[in-house]
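Encoded as structure tokens, the structure appears first; notes follow it.
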Amino acid sequence: MAFTLGVRDSIMIAHSFSGAEFGPAQNMHGATYTVDCEFGTDKLVDGCNWVVDIGEALDALGKCLQAYNYKNLDELPQFKGVNTTTEFMCMQIQKDMAAAFKGKFSGTIKVTLHESHKAWASYTGPCS
499 MAFTLGVRDS
509 IMIAHSFSGA
519 EFGPAQNMHG
529 ATYTVDCEFG
539 TDKLVDGCNW
549 VVDIGEALDA
559 LGKCLQAYNY
569 KNLDELPQFK
579 GVNTTTEFMC
589 MQIQKDMAAA
599 FKGKFSGTIK
609 VTLHESHKAW
619 ASYTGPCS
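Each residue of the sequence shown is one higher than the one before, counting from 499 in my numbering.
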């Protein structure tokens, strides 16, 4: 993509994982994620010369994250029996953002969750 625009927010969640491979993370634990959402496109919007309205992007990200912020993800019905890994949550938030921008933006949306300055994950998917 020739052009990108990114916005940032954060969430605090609790969850646990199922499976011996997760070691101590099988126990309930918390995570504070810095959430980056990046819109990518090959063409700026005519007349505006922007990728997407930055205010609308910030508002949409905040609204999407409300569903998870200060929540125990294990208790949310849509995640019953799901290991809500950082990678999985990147994909989930990307899908939420793609739904919020359906018909308003054509390109890609990349969501990155930073667990710390040492570890992060990303997922990129389409939006049209």
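From the three backbone atoms N, C-alpha and C, an ideal C-beta is built for every residue, glycine too.
| Item | Value |
| --- | --- |
| Anyone know if the C-beta pair for aspartate 540 and methionine 595 falls short of 8 Å? | no |
| Given threonine 584, which residues of its chain have a CB within under 7 Å of its CB, disregarding the five upstream and five downstream residues? | Leu611, Glu613 and Ala619 |
| Between Gly504, Gly605, Gly623 and Ser626, which has its C-alpha nearest glutamate 554's C-alpha? | Gly504 |
| Please classify cysteine 562: is it buried, with 16 or more other beta-carbons within 10 angstroms of its beta-carbon, or exposed? | buried |
| What span of residues does the alpha helix (DSSP H) with glutamate 554 cover, start to end? | 552–564 |
| Rounded to a whole number of angstroms, what is the C-alpha to C-alpha distance between alanine 518 and lysine 593? | 29 Å |
| What residues match up with cysteine 625 in a beta bridge as DSSP calls it? | Gly605 |
| Say yes only if the C-beta of alanine 619 is nearer than 7 Å to one or more non-hydrogen atoms of the ligand MN, and no if none qualify. | Absence of the ligand MN is noted for the structure shown, with no ligands found whatsoever. |
| Under three-state DSSP, which class holds aspartate 572? | helix |
| With a CB to CB cut of under 7 Å and the five nearest residues on each side skipped, what residues in its chain are close to aspartate 507? | Val533, Leu559, Gly560 and Leu563 |
| Within 10 angstroms of its Cβ, does glycine 605 collect 16 or more other Cβ (buried), or is it exposed? | buried |
| Classify isoleucine 552: buried if its beta carbon has 16 or more other beta carbons within 10 angstroms, exposed otherwise. | exposed |
| With threonine 582 and histidine 513 assumed to form a contact (beta carbons below 8 Å), what rounded beta-carbon distance in angstroms separates them? | 5 Å |
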